[in-house]
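Participant: Going by the working numbering, the residue at position 65 of the sequence shown is 65; the numbering climbs one at a time, nothing skipped.
Think of the CB as a built atom: it goes at the ideal place given N, C-alpha and C, for glycine as much as any other residue.
Here's a structure for you.
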Amino acid sequence: RDGQFKADALDLALLAKLGERVPLSRPVRALLEDLKPQGVIRGLHGQWTGSPDAPSRYELHTAIDDLSVDSEPAHQDPRHPVAGRPGIRHASATLDATERGGSASFAIKDGHLDLPGVFEVPLIPVDELDARLKWNIKTGGSGLPPDVEVKLESLKVRNADVAGEIQGSWRSGASQGVGAGMRFPGLIDLRGQLSRIEARQVWRYLPLGVAPEARDYVRLAIQGGQGENLQFM
């Protein structure tokens, strides 16, 4: 059935504990239990048409302070490796979303990112991070899953190893991969600039898609130095 909700402030840890006692859909309750979220939601406004489990239309606007969520391990199938769900500590975010797409901003101050299945060492300390992204969702025809396109307008990051900025985009594939509708891993385009990187830590930022032998070579061969004003695409 249709519905809406509003909240001036909502403690995520408390909401997760009370998940069985408040009117939340079963998938939302399961997700809260899995994420173990912490933080405070502010200015929450949401509404939907249809079942809350699978709404035909929805709208969500909110901001979150001091957000932390647990990661989920990567799937280990060597034929179709899939990265796990990211985890974060000490983040803030804003979110505006509908069934057609949305936008979000995201920042971390003295926290970390946990990216299982992306890097060999998944935990990345973060001194400062600021990101802005938008996404579009186009309904698939004849019962096909929707097409998704995500644009990373800017991601600026700084820690002891690296400082730089990344832009890029990702869109789901057209029946040429794995997962629902064979849409994944899709197509990705990344470009960026690194104002500083510690050379002996480069191996930590080589994704697992790079052959293990290549990652080991970089780790053992580069023992010092610093790169400046590097560009990649």
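Where does Pro145 sit, in a helix, a strand or coil, going by DSSP?
Facilitator: Translated into positions along the sequence shown, residue 145 becomes position 145. Coil at Pro145, not helix or strand.
Participant: Does Arg132 come out as helix, strand or coil in the three-state DSSP assignment?
Facilitator: Taking the first residue of the sequence shown as 1, we reach residue 132 at position 132. Arg132: strand per DSSP, three-state reduction.
Participant: Quick check on Ala199: does DSSP put it in helix, strand or coil?
Facilitator: For this step, residue 199 is matched to residue 199 along the sequence shown. Helix at Ala199.
Participant: In the DSSP assignment, find the unbroken alpha helix (DSSP H) run with Tyr217 in it and report its ends.
Facilitator: If you number the sequence shown from 1, residue 217 lands on position 217. First-last of the alpha helix (DSSP H) with Tyr217: 212-221.
Participant: Taking only runs of the beta strand (DSSP E) that begin and end inside the region 7-83, which ones reach a length of at least 3 residues, in chain order?
Facilitator: If we require 3 residues or more, the beta strand (DSSP E) runs fully inside the region 7-83 come out as 38-49, 57-69.
Participant: Does the distance from the C-beta atom of Gly84 to that of Ser68 stay below 8 Å?
Facilitator: The count along the sequence shown starts at 1 and reaches residue 84 at position 84. The count along the sequence shown starts at 1 and reaches residue 68 at position 68. Cβ distance not < 8 Å, so Gly84 and Ser68 don't count as in contact.
Participant: Quick one: what does DSSP say Arg158 is sitting in, helix, strand or coil?
Facilitator: The count along the sequence shown starts at 1 and reaches residue 158 at position 158. Looking at Arg158 - three-state DSSP - the assignment turns out to be strand.
Participant: My assumption, with CB atoms under 8 Å, is that Lys151 sits in contact with Asp130. Please give the rounded CB distance.
Facilitator: For the purposes of this step, residue 151 is identified with residue 151 of the sequence shown, where counting begins at 1. For the purposes of this step, residue 130 is identified with residue 130 of the sequence shown, where counting begins at 1. Contact doesn't hold; Cβ gap of about 16 Å is too wide.
Participant: Just how far apart, CA to CA, sit Gln167 and Arg191?
Facilitator: Here residue 167 refers to the residue found at position 167 of the sequence shown. Here residue 191 refers to the residue found at position 191 of the sequence shown. Answer to the nearest angstrom: the Cα atoms are 6 Å apart.
Participant: For Ala91, count neighbouring Cβ atoms within 10 angstroms of its own Cβ and tell me buried if that reaches 16, exposed if not.
Facilitator: Mapped onto the sequence shown, residue 91 falls at position 91. The residue is buried, with at least 16 neighbouring Cβ atoms inside 10 Å.
Participant: With a threshold of 16 other CB atoms inside 10 Å of the CB of Ser51, please say whether the residue is buried or exposed.
Facilitator: Within the sequence shown, the letter at position 51 stands for residue 51. So Ser51 ends up on the exposed side.
Participant: Return helix, strand or coil for Arg89, following the three-state DSSP convention.
Facilitator: One-based indexing of the sequence shown puts residue 89 at position 89. Residue state, collapsed to three classes: strand.
Participant: Straight-line CA distance for Glu128 to Ile108?
Facilitator: Against the sequence shown, residue 128 aligns to sequence position 128. Against the sequence shown, residue 108 aligns to sequence position 108. About 6 Å.
Participant: Excluding the five sequence neighbours on either side, which residues of its own chain have a C-beta within less than 8 Å of the C-beta of Asp161, listed in chain order?
Facilitator: For the purposes of this step, residue 161 is taken as the residue at position 161 of the sequence shown. Cβ neighbours of Asp161 beyond the five flanking positions: Ile197, Glu198, Gln201, Arg204, Tyr205.
Participant: Of all the options Asp110, Gly43, Gly39, Leu35, which has the alpha carbon lying nearest to the alpha carbon of Pro86?
Facilitator: Numbered from its first residue, the sequence shown carries residue 86 at position 86. That would be Leu35, whose Cα lies nearest to the Cα of Pro86.
Participant: Please work out which residues of its chain come closer than 8 Å, Cβ to Cβ, to Asn229, disregarding the five sequence neighbours upstream and downstream, and give them in chain order.
Facilitator: As a working mapping, residue 229 is identified with position 229 in the sequence shown. Gln193, Leu194, Ser195.
Participant: Excluding the 5 residues preceding and the 5 following Asp110 in the sequence, name in chain order all residues of the same chain whose CB lies nearer than 7 Å to its CB.
Facilitator: Start at 1 with the first residue of the sequence shown, and residue 110 comes out as number 110. If we look at Asp110 and ignore the five residues flanking it on each side, its Cβ neighbours are His90, Asp127.
Participant: Mapping DSSP to helix, strand and coil, what is Arg204?
Facilitator: Position 204 of the sequence shown, counting from 1, holds the residue named residue 204. Helix.
Participant: Output the distance between the C-alpha atoms of Pro125 and Val218, rounded to the nearest integer angstrom.
Facilitator: Here residue 125 is taken as the residue at index 125 of the sequence shown, counted from 1. Here residue 218 is taken as the residue at index 218 of the sequence shown, counted from 1. Approximately 21 Å, taken between the alpha carbons.
Participant: What does the Cβ neighbour count give for Ile88, buried or exposed, with the cut at 16 atoms within 10 Å?
Facilitator: Here residue 88 refers to the residue found at position 88 when the sequence shown is read from its first residue. Buried is the call here.
Participant: With H, G and I counted as helix, E and B as strand and the rest as coil, what does DSSP make of Asp96?
Facilitator: The residue you call residue 96 lines up with position 96 of the sequence shown. Three-state result, Asp96: strand.
Participant: Short check: CB of Ala104 to CB of Leu60, under 8 Å?
Facilitator: By one-based count along the sequence shown, residue 104 stands at place 104. By one-based count along the sequence shown, residue 60 stands at place 60. Not a contact, by the Cβ cut-off of 8 Å.
Participant: Run through DSSP, which three-state label would Ser172 get?
Facilitator: Your numbering for residue 172 matches position 172 in the sequence shown. Of the three classes helix, strand and coil, the one that applies to Ser172 here is coil, per DSSP.
Participant: Going by beta-carbon coordinates alone, are Asp66 and Gly39 separated by less than 8 Å?
Facilitator: Taking the first residue of the sequence shown as position 1, residue 66 is located at position 66. Taking the first residue of the sequence shown as position 1, residue 39 is located at position 39. Result yes, Cβ atoms of Asp66 and Gly39 sit closer than 8 Å.
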